[in-house]
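The sequence shown begins at 428 in my numbering and counts up by one. Ideal placement from N, C-alpha and C gives every residue a C-beta, glycine not left out.
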Amino acid sequence: MACSQKVGAVDKRVAPFACLAFALAGACGEATRFLELPTPKGTPSAMLLIYESGATLDLSLHPWPIERTLSSPIDRLSRATLIFLDESPRELGLEEGALQVATPGECAIIPLPEGQARYTADFGRGETTFVEVASLPAKIEALRLSFPCPCRDFEALPLALPASETVEAAVRLAPDVALLFANDAMHFVDANGELRESRPAPVTQPRSSFRQDDGVVWVAGQDGALVRLDSEAVPHEVSSNTGAGVVEWLDGSTGAAPFELLLMSTAGVLERYSSAREILFDQAPTGSTSNLGGVAWEGPGRAVAMQPDSEDLLHVDHGTIEREKWAVQRGGVLSIRHAPEYGTVIVTRLSLVFHDDGTGWSELVQAAPAAKIRNVVPFEGGLFFVGDSGLIVQHHPAAGFCRASKLDPEIQLEQVAVLAGGAVVVAGRLEDEAPGPNRAFLLRAR
């Protein structure tokens with residue numbers, strides 16, 4: 428089939444030296460279309476072709492000019508990007524053709540010289556001709572790509588909750604349902620951002636929540652209040668001995684039996700709940716004179732908590748507390764979290780990230796986005812960091828740190844609940860409204 432041949436109602440006249448064919452799946456089956464390739468500026472030596480379909484990427488490198496038709500290996504193509512390079516494939520240290528990695532999930536690092544022209548065709552918006560969108564920023568030194576790529580971009584969609592409410596806690600109830608807790612209400616939100624149902628809040632002024640592996644959700648609030656929600660979100664009260672303080676932090680075991688839940692209150696008390704005994708026990712006063720900043724489960728009977736007033740770490744082993752002096756040059760501890768693939772993860776005030784998988788603290792290298800990161804949650808086998816001014820950055824064990832991005836509008840994220848399919852329900856303050864109520868948003872992967 429010639430490049431200028433009419434296909435259906437589409438007739439694209441293309442340059443005589445090359446054409447790009449791709450299969451686009453639709454309700455009427457698959458059709459083959461042709462797109463116009465741009466005439467590059469100057470005399471490039473190579474062309475990097477990137478096909479995108481959701482989070483899946485496929486890339487290939489070709490000498491320029493090319494003399495054959497290239498077809499997409501992806502059924503549902505959403506975007507194709509061309510990057511013309513001055514260096515030949517050999518000069519880049521790469522072989523021509525498809526660029527592969529040793530193991531699925533690992534990332535290929537593709538050297539990318541400065542100032543190369545980039546052309547994009549976005550099929551999701553109906554654009555069928557490659558257009559020059561920009562010159563690549565001079566600071567870009569490499570493309571980090573994987574198969575499939577774990578790095579995601581997000582758009583923020585506001586959720587229709589009462590404007591006067593401030594969301595204090597968010598947690599996943601089911602694969603496609605999140606619970607948002609306001610001062611006097613509990614809202615059910617699905618992965619499309621639809622408000623399914625609202626009920627009275629199960630505790631007074633809920634402040635923290637945690638989800639067990641089996642779907643049971645725990646919610647805590649004022650006066651040491653603690654409630655267990657079953658899979659239908661029906662509340663069951665559990666006695667707490669944390670005193671008059673607000674339970675600010677919850678964390679629990681993953682994949683371990685019996686289940687353990689850790690509670691930490693503003694009264695400086697750390698408690699542990701075990702499903703085997705159905706009571707709270709191992710009450711451990713920490714001696715803190717200010718709010719503790721977080722707690723992470725480390726194993727049966729073991730936990731680590733952070734203490735901002737002294738910047739020490741508190742290691743708890745069945746009620747016995749030992750202090751670890753945190754190295755000053757690392758920056759004070761800002762947040763702490765348990766993540767199955769990493770162990771205990773710490774974010775410092777210098778936006779450095781450390782983790783301990785049982786062998787001691789080590790830094791996650793290639794870290795540090797320019798803006799300040801404030802919190803971290805597990806996300807799709809990796810980590811999801813949030814920061815000031817709507818900053819989001821992800822980390823994956825194989826891919827390392829993804830490119831940092833910012834939400835529009837800029838949101839100071841406070842609460843995060845991860846759903847299936849990459850949907851994330853968050854609560855936070857809009858930067859231009861701070862201080863103000865925590866509003867709720869759906870972050871949808873794109």
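Self-check item: Cβ-Cβ separation, L834 to F581 (assumed contact under 8 Å), whole Å
Solution: As a first step, residue 581 must be located in the sequence shown, where it is residue number 154. As a first step, residue 834 must be located in the sequence shown, where it is residue number 407. That belief holds up - the Cβ atoms of F581 and L834 are roughly 7 Å apart, short of 8 Å.
Practice problem: Find out if the Cβ-Cβ distance for the pair W724, D678 is shorter than 8 Å. | Solution: Mapped onto the sequence shown, residue 724 falls at position 297. Mapped onto the sequence shown, residue 678 falls at position 251. In this structure, D678 lies closer than 8 Å to W724 by Cβ.
Practice problem: Drop a sphere of 10 angstroms on the beta-carbon of T775, count the other beta-carbons inside from all chains shown, and report buried for 16 or more, exposed for fewer. | Solution: Within the sequence shown, the letter at position 348 stands for residue 775. Classification of T775: buried, given that the 10 Å Cβ count is 16 or more.
Quiz item: Under 8 Å, do F615 and V604 count as touching if we go by C-beta distance?
Solution: The count along the sequence shown starts at 1 and reaches residue 615 at position 188. The count along the sequence shown starts at 1 and reaches residue 604 at position 177. Their beta carbons are under 8 Å apart, which means F615 touches V604 by this criterion.
Quiz item: From P767 to G785, what distance separates their C-alpha atoms?
Solution: Taking the sequence shown and counting its residues from 1, the one referred to as residue 767 is at position 340. Taking the sequence shown and counting its residues from 1, the one referred to as residue 785 is at position 358. Roughly 12 Å separates the two Cα atoms.
Quiz prompt | Coarse secondary structure for G679, derived from DSSP in three states | solution = Locating residue 679 in the sequence shown gives position 252, where the first residue counts as 1. Three-state DSSP puts G679 in a strand.
Quiz item: So, Q842 versus A854, is the Cβ gap smaller than 8 Å?
Solution: In the sequence shown, residue 842 corresponds to position 415, counting from 1. In the sequence shown, residue 854 corresponds to position 427, counting from 1. Taking 8 Å as the Cβ cut-off, Q842 and A854 qualify as a contacting pair.
Practice problem: Please list, in chain order, all residues of the same chain as E837 whose beta carbon is under 8 Å from its beta carbon, the five residues on each side excluded. | Solution: In the sequence shown, counting from the first residue as 1, residue 837 sits at position 410. For E837, where only same-chain residues beyond five positions count, the Cβ hits under 8 Å are S816, G817, L857, E858 and D859.
Quiz item: What is the DSSP secondary structure of R552, counted as helix, strand or coil?
Solution: Locating residue 552 in the sequence shown gives position 125, where the first residue counts as 1. Caution applies to R552, whose pLDDT of 47 falls short of 50 and renders its modelled position unreliable; the value that the coordinates give is listed next. Here R552 sits in helix by DSSP.
Quiz prompt | Residue from D641, V696 and G848 whose Cα sits closest to the Cα of S702 | solution = By one-based count along the sequence shown, residue 702 stands at place 275. It is D641.
Quiz item: Below 8 Å between beta carbons: does that hold for R634 and V673?
Solution: Walking along the sequence shown from the start, residue 634 turns up at place 207. Walking along the sequence shown from the start, residue 673 turns up at place 246. For R634 and V673, yes; Cβs fall inside 8 Å.
Quiz item: Going by the CB atoms, is the gap between A597 and G848 shorter than 8 Å?
Solution: Taking the sequence shown and counting its residues from 1, the one referred to as residue 848 is at position 421. Taking the sequence shown and counting its residues from 1, the one referred to as residue 597 is at position 170. Contact flag unset, no.
Quiz item: For G759, which option in L777, S625 and G814 has the closest C-alpha, if you only look at C-alpha atoms?
Solution: Locating residue 759 in the sequence shown gives position 332, where the first residue counts as 1. Nearest of L777, S625 and G814 to G759, Cα basis: L777.
Practice problem: Just mark H745 as buried or exposed, buried being the case when its beta carbon has 16 or more other beta carbons within 10 Å. | Solution: Start at 1 with the first residue of the sequence shown, and residue 745 comes out as number 318. Exposed, since its Cβ has fewer than 16 Cβ neighbours within 10 Å.
Self-check item: Proximal residues to T681 (C-beta, below 8 Å), its chain only, five neighbours per side dropped
Solution: Here residue 681 corresponds to residue number 254 of the sequence shown, with the count starting at 1. For T681, where only same-chain residues beyond five positions count, the Cβ hits under 8 Å are D640, W724, H765 and P767.
Exercise. Identify which residue in M613, V851 and F868 has its Cα closest to the Cα of R579.
Key: Indexing the sequence shown from 1 puts residue 579 at position 152. Cα-wise, what sits closest to R579 is V851.
Quiz item: Which of the three DSSP states, helix, strand or coil, is assigned to Q649?
Solution: For the purposes of this step, residue 649 is taken as residue 222 along the sequence shown, with counting starting at 1. Looking at Q649 - three-state DSSP - the assignment turns out to be helix.
Quiz item: Span of the beta strand (DSSP E) holding H663?
Solution: Numbered from its first residue, the sequence shown carries residue 663 at position 236. Start and end: P662 to V665.
Quiz prompt | Which of helix, strand or coil DSSP assigns to E858 | solution = In the sequence shown, counting from the first residue as 1, residue 858 sits at position 431. Note: E858 maps to helix in three-state DSSP.
Exercise. List the DSSP bridge partners of N802.
Key: Translated into positions along the sequence shown, residue 802 becomes position 375. Looking at the DSSP assignment, N802 forms a beta bridge with V813.
Exercise. For the beta strand (DSSP E) holding V743, just list the boundary residues, first then last.
Key: Within the sequence shown, numbered from 1, the residue matching residue 743 stands at position 316. Residues D739 to D744.
Exercise. Determine the DSSP secondary structure at R634, reduced to helix, strand or coil.
Key: In the sequence shown, the residue the question calls residue 634 occupies position 207. Looking at R634 - three-state DSSP - the assignment turns out to be coil, as it is neither helix nor strand.
Practice problem: Compare the Cα-Cα distances from R517 to each of L690, H489, A694 and L509 and report the closest residue. | Solution: Here the question's residue 517 lines up with position 90 in the sequence shown. Among L690, H489, A694 and L509, the Cα nearest to that of R517 belongs to H489.
Quiz item: If you draw a straight line from the alpha carbon of E624 to that of A583, how long is it in whole angstroms?
Solution: Locating residue 624 in the sequence shown gives position 197, where the first residue counts as 1. Locating residue 583 in the sequence shown gives position 156, where the first residue counts as 1. Using only the alpha carbons, I get a separation of about 21 Å.
Practice problem: Taking only the alpha-carbon atoms, compute the straight-line gap between N610 and N865 and give it to the nearest angstrom. | Solution: Counted from its first residue, the sequence shown places residue 610 at position 183. Counted from its first residue, the sequence shown places residue 865 at position 438. In a straight line, the C-alpha of N610 is about 11 Å away from that of N865.
Self-check item: When F511, P805, E790 and I800 are compared against F637, the one with the closest alpha-carbon
Solution: Stepping through the sequence shown from its first residue, residue 637 is reached at position 210. Closest option to F637, Cα to Cα, is P805.
Exercise. Can you grab the Cα-Cα spacing for the pair P585 / A844, in whole Å?
Key: Taking the sequence shown and counting its residues from 1, one reaches residue 585 at position 158. Taking the sequence shown and counting its residues from 1, one reaches residue 844 at position 417. Cα to Cα, P585 sits roughly 15 Å from A844.
Quiz item: Can you list, in chain order, the residues of its chain whose CB lies under 8 Å from that of A601, leaving out five sequence neighbours each side?
Solution: Locating residue 601 in the sequence shown gives position 174, counting from the first residue. Cβ within range, chain order: G642 and S658.
Self-check item: Own chain, CB closer than 6 Å to V772, minus 5 neighbours either side, in chain order
Solution: The count along the sequence shown starts at 1 and reaches residue 772 at position 345. So the list reads R764, A766, H782 and V803, once near-sequence residues are dropped.
Quiz item: Which same chain residues, not among the five before or five after K752, have their C-beta less than 7 Å away from its C-beta?
Solution: Numbered from its first residue, the sequence shown carries residue 752 at position 325. Here the set comprises D739.
Quiz item: Thinking C-alpha only, which one of G787, S832 and E664 is nearest L653?
Solution: Counting from 1 along the sequence shown, the entry for residue 653 is found at position 226. Among G787, S832 and E664, the Cα nearest to that of L653 is on E664.
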